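**Student:** Residue numbers (my numbering): 1211 to 1311.
Don't be surprised by glycine CBs; every beta carbon is placed ideally from N, CA and C.
Quick caveat, the model's predicted, so the values are computed rather than measured.
Handing you a structure now.
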């Protein structure tokens, strides 16, 4: 993160709809994320080749019905999301989430 966002943390997380996760940040900024897009963008080594950064996960392998079952804080820099398709190894940094399309 840049120095301007180093101290930004998650203030609140809520399920804003069947496929939408809402995050409110400590600076008051609010983001909404499509859960399926989050899952398909998982940054873990099973989903993204750690050397080439090529995507291993095929988007069609993620069901459109996927949803978060549990969300954990990882230190003061990321979230770990346990998805209904059984996947739970991705670490979604705050920097990644703030830049998420």
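With a 10 Å radius around its C-beta and 16 neighbouring C-beta atoms as the bar for buried, classify residue 1302 as buried or exposed.
**Tutor:** In the chain shown, residue 1302 corresponds to position 92, counting from 1. Looking at its Cβ environment, which holds 16 or more other Cβ atoms inside 10 Å, residue 1302 is buried.
**Student:** Sort 1238, 1228, 1227 by Cα distance to residue 1218 and report the nearest one.
**Tutor:** Stepping through the chain shown from its first residue, residue 1218 is reached at position 8. For residue 1218, the nearest C-alpha among the options comes from 1238.
**Student:** Can you tell me which of the three DSSP states residue 1311 falls into?
**Tutor:** Locating residue 1311 in the chain shown gives position 101, counting from the first residue. Coil, per DSSP.
**Student:** Grab the span of the alpha helix (DSSP H) containing residue 1267 for me, first residue to last.
**Tutor:** On the chain shown, position 57 is the one that residue 1267 refers to. Per DSSP, residue 1267 belongs to no alpha helix (DSSP H) and is neither H nor E.
**Student:** Only counting the same chain, and skipping five residues up and downstream in sequence, which positions put a Cβ closer than 8 Å to that of residue 1236?
**Tutor:** Position 26 of the chain shown, counted from the start, is the residue given in the question as residue 1236. Hits under 8 Å: 1217, 1218, 1219, 1220, 1221.
**Student:** On the criterion of 16 or more Cβ atoms from any shown chain inside 10 Å, does residue 1227 qualify as buried, or is it exposed?
**Tutor:** On the chain shown, residue 1227 is found 17 positions in, with the first residue counted as 1. Counting Cβ neighbours within 10 Å, residue 1227 comes out exposed, since fewer than 16 surround it.
**Student:** Checking 7 Å against the spacing of the C-beta atoms, do residue 1233 and residue 1241 come in under that value?
**Tutor:** In the chain shown, the residue the question calls residue 1233 occupies position 23. In the chain shown, the residue the question calls residue 1241 occupies position 31. Result yes, Cβ atoms of residue 1233 and residue 1241 sit closer than 7 Å.
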